[in-house]
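Undergrad: Quick note, the sequences are listed as chains Y and D, same order.
Just so you know, the first sequence maps onto residues 942 to 1280 in my numbering.
Just so you know, the second sequence maps onto residues 126 to 487 in my numbering.
Where is the CB? At the ideal position from N, CA and C, for every residue including glycine.
Just so we're clear, the structure is a prediction, and the values are computed from it rather than from any experiment.
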Amino acid sequence: MICSIAEGRVFAKENLHEELPEATLLALYRTMVRIRRSEEAAAALAESREIRCPVHLYLGQEAVAAGINANLKPDDYVFGNHRSHGHYLAKGGGLKPMFAEFLGKATGCAGGRGGSMHLIDTERGILGTTPIVAASIPHAVGTALAAKIRGQDSVSVSFFGDGAVEEGTFHESVNFAAVQNLPVVFVCENNFYSSHLGLLKRRRCDNIYEYAAGHGIPGVAIDGNDVEQVYRAGRAAIARARSGGGPALLECRTYRWRGHVGPAWEFNLGIRDVNEVQEWMKRCPIKKLGERLLALGIASQEELDRVQSEEDAAIAEAVDFARVSEFPPLETMSAHVYA
Amino acid sequence: MRLLTYGRALCEGLTQTMDADATVFLIGQGVNSPWYVGNTTEGVYDRFGPQRVIDTPVSENGVTGLAIGASMAGMKPVVIHPRMDFMLLAAEQLIGQAANWNYMFDGQVNVPVTIRSIVNRGGEQAAQHSQALQAMYAHIPGLKVVMPATPRDAKGLLIAAIHDPNPVVFIDDRWLYGVEGEVPERYFAEEIGRAKVLRRGTDVSVVATSYLVQESLAAAERLAEAGVSVEVVDLRTVRPLDEETVLESLARTHRLVVADTGWSMCGISAEVAALAACRGMYDLWAPVERVTLPCCPAPMCQPHETAYYPRASQVVAAVYRVLGANAVSYSRLAAGIGTSIPFSYPPVSADGSRLEAAESTR
Chain Y
942 MICSIAEGRV
952 FAKENLHEEL
962 PEATLLALYR
972 TMVRIRRSEE
982 AAAALAESRE
992 IRCPVHLYLG
1002 QEAVAAGINA
1012 NLKPDDYVFG
1022 NHRSHGHYLA
1032 KGGGLKPMFA
1042 EFLGKATGCA
1052 GGRGGSMHLI
1062 DTERGILGTT
1072 PIVAASIPHA
1082 VGTALAAKIR
1092 GQDSVSVSFF
1102 GDGAVEEGTF
1112 HESVNFAAVQ
1122 NLPVVFVCEN
1132 NFYSSHLGLL
1142 KRRRCDNIYE
1152 YAAGHGIPGV
1162 AIDGNDVEQV
1172 YRAGRAAIAR
1182 ARSGGGPALL
1192 ECRTYRWRGH
1202 VGPAWEFNLG
1212 IRDVNEVQEW
1222 MKRCPIKKLG
1232 ERLLALGIAS
1242 QEELDRVQSE
1252 EDAAIAEAVD
1262 FARVSEFPPL
1272 ETMSAHVYA
Chain D
126 MRLLTYGRAL
136 CEGLTQTMDA
146 DATVFLIGQG
156 VNSPWYVGNT
166 TEGVYDRFGP
176 QRVIDTPVSE
186 NGVTGLAIGA
196 SMAGMKPVVI
206 HPRMDFMLLA
216 AEQLIGQAAN
226 WNYMFDGQVN
236 VPVTIRSIVN
246 RGGEQAAQHS
256 QALQAMYAHI
266 PGLKVVMPAT
276 PRDAKGLLIA
286 AIHDPNPVVF
296 IDDRWLYGVE
306 GEVPERYFAE
316 EIGRAKVLRR
326 GTDVSVVATS
336 YLVQESLAAA
346 ERLAEAGVSV
356 EVVDLRTVRP
366 LDEETVLESL
376 ARTHRLVVAD
386 TGWSMCGISA
396 EVAALAACRG
406 MYDLWAPVER
416 VTLPCCPAPM
426 CQPHETAYYP
436 RASQVVAAVY
446 RVLGANAVSY
456 SRLAAGIGTS
466 IPFSYPPVSA
476 DGSRLEAAES
486 TR
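#1: Does DSSP put K201(D) in a helix, in a strand, or in coil?
#2: I'd like to know whether the C-beta of A145(D) is nearer than 8 Å to at least one C-beta of chain Y.
#3: Short of 8 Å in beta carbon distance, which residues of its chain neighbour C391(D), apart from the five on each side in sequence? Order them along the chain.
#4: Nearest by alpha-carbon distance to R1091(Y): which of A195(D), A145(D), D210(D), V293(D) is it?
#5: Which same chain residues end up closer than 6 Å to S335(D) when comparing Cβ atoms and leaving out the 5 residues on each side of it in sequence?
#6: Would you identify the three-state DSSP class for N164(D), choosing helix, strand or coil?
#7: Counting contacts by CB-CB distance shorter than 8 Å, is G1083(Y) in contact with chain D?
#8: So A344(D) packs on V441(D), CB below 8 Å; how close in whole Å?
#9: Any idea what DSSP makes of A1153(Y), helix, strand or coil?
#10: What residue from V1126(Y), H1201(Y), E1108(Y) has the CA that sits closest to R1176(Y)'s CA?
#11: Can you round the beta-carbon distance between G1069(Y) and P1269(Y) to whole angstroms, since I take them to be within the 8 Å contact cut?
#12: Do you know offhand how far I240(D)'s Cα is from L1036(Y)'s?
#13: Compare the C-beta of A198(D) against all C-beta atoms of chain Y and say whether one is closer than 8 Å.
#14: Less than 8 Å between the C-beta atoms of R380(D) and A411(D), yes or no?
#15: If you measure between the beta carbons of H1059(Y) and M406(D), is that distance less than 8 Å?
#16: Cα separation between T103(D) and F1101(Y)?
#17: Out of V358(D), F295(D), C420(D), state which residue places its alpha-carbon closest to the alpha-carbon of H206(D).
#18: What separation, rounded to the nearest whole angstrom, lies between the Cα atoms of C994(Y) and K1046(Y)?
#19: Does any residue of chain D have a CB that is nearer than 8 Å to the CB of S1266(Y)?
#20: Out of curiosity, what's the CA-to-CA distance linking L961(Y) and A1004(Y)?
#21: Identify which residue in Y170(D), N245(D), N291(D) has its Cα closest to the Cα of M200(D).
#22: Of the choices N1122(Y), A964(Y), E1243(Y), whose alpha-carbon is the least far from that of V1082(Y)?
#23: Since I believe D1167(Y) is in contact with K1229(Y) (beta carbons under 8 Å), could you give me their beta-carbon distance rounded to a whole number of angstroms?
#24: Pull up the distance between the alpha-carbon of A985(Y) and that of R971(Y), whole angstroms please.
#25: Decide yes or no for the touch test of the segment 1005 to 1016 of chain Y against the segment 1025 to 1035 of chain Y: beta carbon pairs closer than 8 Å, at least 3 of them.
#26: Would V270(D) and V363(D) be called neighbours here (beta carbons separated by less than 8 Å)?
#27: Which bits of chain D does I1149(Y) rub up against, with CB to CB less than 7 Å?
#28: Note down, in chain order, every chain Y residue with its Cβ under 7 Å from the Cβ of G221(D).
#29: CB H1080(Y) to CB A1119(Y), shorter than 8 Å?
#30: Closer than 7 Å, Cβ to Cβ, to anything on chain D: give me those residues from the segment 1081 to 1105 of chain Y, in chain order.
#31: What residue from D289(D), Q256(D), A252(D) has the CA that sits closest to L268(D)'s CA?
#32: Among E1244(Y), V1218(Y), M1039(Y), whose alpha-carbon lies nearest the alpha-carbon of I976(Y)?
#33: Taking just the CA atoms, how far does L998(Y) sit from L1235(Y)?
#34: Starting from the beta carbon of V1278(Y), find every residue of chain D whose beta carbon is closer than 7 Å, and list them in chain order.
#35: Answer with buried or exposed for A333(D), where buried requires no fewer than 16 other C-beta atoms within 10 angstroms of its C-beta.
#36: For L1190(Y), which residues does DSSP report across the bridge?
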């Protein structure tokens, strides 16, 4: 199920083909590598049962989080879902608090009370990720409404999967944002599967971006494995929202390499074909940008390798930090319950 | 002190809070429509405009969710659900998201949203426009649930709810909108989580919620004429429950009637009875009596409705049951005759047909 890429009609075409500055490309590369290597580390920790909470790995989808978040300011809001490690890291969330949270430690970003599905960094506009499908879409809309009422120019981004558009809350939220002309960008990461069921077993047509037209806002489908394309589309939608142009829907077509939850590849469960996974892995977003950087002479292979080794070192340090951290004391179990 | 109706007190509390705090905004279906909200938002739209008074599409879960999102960003939204029944569509956002958020993120993000949930019943609206679901929400750690029964509390508890840093389900009752009482003109908040003794008595404690507080006061008046001294405790907040005020009252009277506008099973009345059993057993001189809805959905036709909703007469009957004097009929009591005619509940005649005993007391 390799997707075709529908061309967006709404964003100006020149925006979608502009060359990006070298520094931007290198930053995008580093962010994607950080996500990739973190997720591989998390997968190993889950396999060894050091991570006991459910982990929904973002492997394969790195370009979406990296490309969108690179356009955001610290006080812009990002809302995610169960598969939000990438969103958190790309918005600037730290490795140590993330791995400590995976291990349920008091030093985790949510104090060891949330786990992998509940990442938070209030300093960077991440007010909490939540795994209930589509539940955070109205939260993003609400923060955008707050910005409008207060006259602030922040933008909110809502990340959700292709399953979320099957929830009524998605439509309620997009409709409200449209009628109120709110500064929110809806980013659907269409990875073609809900937990276990393929897209065309859940809907008649592969046309999520067309919901935008139904709600009277711009919508575009883009290659979610091409970080430059994601960056440019994200930049256009975010700038438009920031300047009072209202919401937009980006359907980023991508693929999760592993199964729905945990480190398993899920090849032999009757869910998806091994060839399909291999086809998508050939379209690895990091490999694609790395080849571009080499071809353009922006970076050498040694420099790309160094990015990875630096990120690996930071991740190893974060895992060590998580390991030596303490669990929250048992007597704090009911802390923060006020009624 | 100045008299104000419950409905106007709600409106005054909202208006004063929006005047005092620019982060407060009102949102929901029909927020500006008397058809939905009576007179409780009168003049608010004209005063604060479309930025802060937002009538919405028919999207209960989405609208509740976006109010929760706005509250995470530092706003204090007031969401109106014009029927508590419609609010079921927003249960996930309220129970799954709002109630858990502060705990799940280690106290880093508060959700200061107020959910104003209106109970309306009667008028042959049938089972889906009548429900009082406070017990469902009171079950959830992380939600506060308040149910004002007097005009003063309608204002004071609404102001408190809006300023509370946590999600508060504020349940008001259209049967109370016309009730008049003393309400301070000033901007004031009542404390959430405190019950109040509205009438002192020595024989029986009646612990009540919402409109049944008013019915219990009427019942106490009638019982006083028959020489029975009833203490009426207005619960005001059902989560957190003010256990001490209830137990202190029980320790004075030794008999307990609980009157709640919901059902009995796992209801507020069950929780108060459990409180008496667990912490007040040695003060109890008689089994606890409960006045609740019959365990069936709200009926439609007028005779059934009249029998379905408890009124002062049912409270009177329950008081006599805990006194061991299940021998007085409400109709004779109301006529001022202390008697020994057997009383059956619900009132039925010898041939099994229902008697006209459950008429309104107002």
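TA: Working from what's here:
#1: Looking up residue 201(D) in the second sequence gives position 76. In the three-state DSSP reduction, K201(D) falls in the strand class (E or B).
#2: On the second sequence, residue 145(D) is found 20 positions in, with the first residue counted as 1. Using a Cβ-Cβ cut-off of 8 Å, A145(D) does not count as an interface residue toward chain Y, since no Cβ of chain Y sits closer than that to its own.
#3: Taking the second sequence and counting its residues from 1, the one referred to as residue 391(D) is at position 266. Same-chain partners within the cutoff: A260, H264.
#4: By 1-based counting over the first sequence, the position of residue 1091(Y) is 150. Checked all of A195(D), A145(D), D210(D), V293(D); the closest Cα to R1091(Y) is A195(D).
#5: On the second sequence, residue 335(D) is found 210 positions in, with the first residue counted as 1. For S335(D), where only same-chain residues beyond five positions count, the Cβ hits under 6 Å are M272, A274, D298, T386.
#6: As a first step, residue 164(D) is located in the second sequence; it is residue number 39 there, counting from the start. Assigned with DSSP and collapsed to three states, N164(D) falls in coil, not helix or strand.
#7: Taking the first sequence and counting its residues from 1, the one referred to as residue 1083(Y) is at position 142. At least one CB atom of chain D sits nearer than 8 Å to the CB of G1083(Y).
#8: Here residue 344(D) corresponds to residue number 219 of the second sequence, with the count starting at 1. Here residue 441(D) corresponds to residue number 316 of the second sequence, with the count starting at 1. Rounded, the Cβ-Cβ distance is 5 Å, consistent with contact.
#9: Counted from its first residue, the first sequence places residue 1153(Y) at position 212. Helix.
#10: Taking the first residue of the first sequence as position 1, residue 1176(Y) is located at position 235. Nearest in C-alpha terms to R1176(Y), of all of V1126(Y), H1201(Y), E1108(Y), is V1126(Y).
#11: Taking the first residue of the first sequence as position 1, residue 1069(Y) is located at position 128. Taking the first residue of the first sequence as position 1, residue 1269(Y) is located at position 328. Between P1269(Y) and G1069(Y) the Cβ distance is about 17 Å, and since that is not below 8 Å, they are no contact.
#12: Numbered from its first residue, the second sequence carries residue 240(D) at position 115. Numbered from its first residue, the first sequence carries residue 1036(Y) at position 95. For I240(D) and L1036(Y), the distance between alpha carbons rounds to 37 Å.
#13: Numbered from 1 along the second sequence, position 73 holds the residue referred to as residue 198(D). Answer yes: the Cβ-Cβ gap between A198(D) and chain Y drops below 8 Å somewhere.
#14: Taking the first residue of the second sequence as 1, we reach residue 380(D) at position 255. Taking the first residue of the second sequence as 1, we reach residue 411(D) at position 286. The answer is yes: Cβ separation under 8 Å.
#15: What you label residue 1059(Y) is simply residue 118 of the first sequence in a count that begins at 1. What you label residue 406(D) is simply residue 281 of the second sequence in a count that begins at 1. No, Cβ-Cβ distance for H1059(Y) and M406(D) is not below 8 Å.
#16: Only positions 126 to 487 of chain D appear in this structure, which leaves residue 103(D) out of reach.
#17: In the second sequence, counting from the first residue as 1, residue 206(D) sits at position 81. Taking only the C-alpha atoms, the option nearest H206(D) is F295(D).
#18: Looking up residue 994(Y) in the first sequence gives position 53. Looking up residue 1046(Y) in the first sequence gives position 105. The alpha-carbon atoms of C994(Y) and K1046(Y) are separated by roughly 12 Å.
#19: For this step, residue 1266(Y) is matched to residue 325 along the first sequence. No - not a single Cβ of chain D is within 8 Å of the one on S1266(Y).
#20: The count along the first sequence starts at 1 and reaches residue 961(Y) at position 20. The count along the first sequence starts at 1 and reaches residue 1004(Y) at position 63. Each residue's Cα considered, the two are about 15 Å apart.
#21: The count along the second sequence starts at 1 and reaches residue 200(D) at position 75. Out of Y170(D), N245(D), N291(D), N291(D) has the C-alpha closest to the C-alpha of M200(D).
#22: Counted from its first residue, the first sequence places residue 1082(Y) at position 141. The residue from N1122(Y), A964(Y), E1243(Y) with its alpha-carbon nearest to that of V1082(Y) is N1122(Y).
#23: What you label residue 1229(Y) is simply residue 288 of the first sequence in a count that begins at 1. What you label residue 1167(Y) is simply residue 226 of the first sequence in a count that begins at 1. Yes, they are in contact, since the Cβ atoms of K1229(Y) and D1167(Y) sit about 7 Å apart, within 8 Å.
#24: As a working note, residue 985(Y) is residue 44 in the first sequence. As a working note, residue 971(Y) is residue 30 in the first sequence. The alpha-carbon atoms of A985(Y) and R971(Y) are separated by roughly 21 Å.
#25: Touching, per the Cβ criterion.
#26: One-based indexing of the second sequence puts residue 270(D) at position 145. One-based indexing of the second sequence puts residue 363(D) at position 238. In this structure, V363(D) lies closer than 8 Å to V270(D) by Cβ.
#27: On the first sequence, position 208 is the one that residue 1149(Y) refers to. Near I1149(Y) there are no residues of chain D at all, since even the closest Cβ is about 18 Å away, more than 7 Å.
#28: Taking the first residue of the second sequence as position 1, residue 221(D) is located at position 96. Near G221(D) (Cβ distances below 7 Å), the residues of chain Y are I1073, A1076.
#29: Counting from one through the first sequence, the residue named residue 1080(Y) turns up at place 139. Counting from one through the first sequence, the residue named residue 1119(Y) turns up at place 178. It is not a contact, given that the beta carbons lie outside the stated cut-off.
#30: Closer than 7 Å at the C-beta level to chain D, one finds these residues of the segment 1081 to 1105 of chain Y: A1081, V1082, G1083, T1084, L1086, A1087, I1090.
#31: Walking along the second sequence from the start, residue 268(D) turns up at place 143. Per the C-alpha coordinates, the member of D289(D), Q256(D), A252(D) positioned closest to L268(D) is D289(D).
#32: In the first sequence, residue 976(Y) corresponds to position 35, counting from 1. Of the candidates E1244(Y), V1218(Y), M1039(Y), M1039(Y) places its Cα closest to the Cα of I976(Y).
#33: On the first sequence, position 294 is the one that residue 1235(Y) refers to. On the first sequence, position 57 is the one that residue 998(Y) refers to. Answer to the nearest angstrom: the Cα atoms are 28 Å apart.
#34: Sequence index remark: in the first sequence, residue 1278(Y) carries index 337 (1-based). Y228, P266, G267, listed in chain order.
#35: Position 208 of the second sequence, counting from 1, holds the residue named residue 333(D). By the neighbour-count rule (16 or more Cβ atoms within 10 Å), A333(D) is buried.
#36: What you label residue 1190(Y) is simply residue 249 of the first sequence in a count that begins at 1. Bridge partners of L1190(Y): F1127(Y), G1160(Y).
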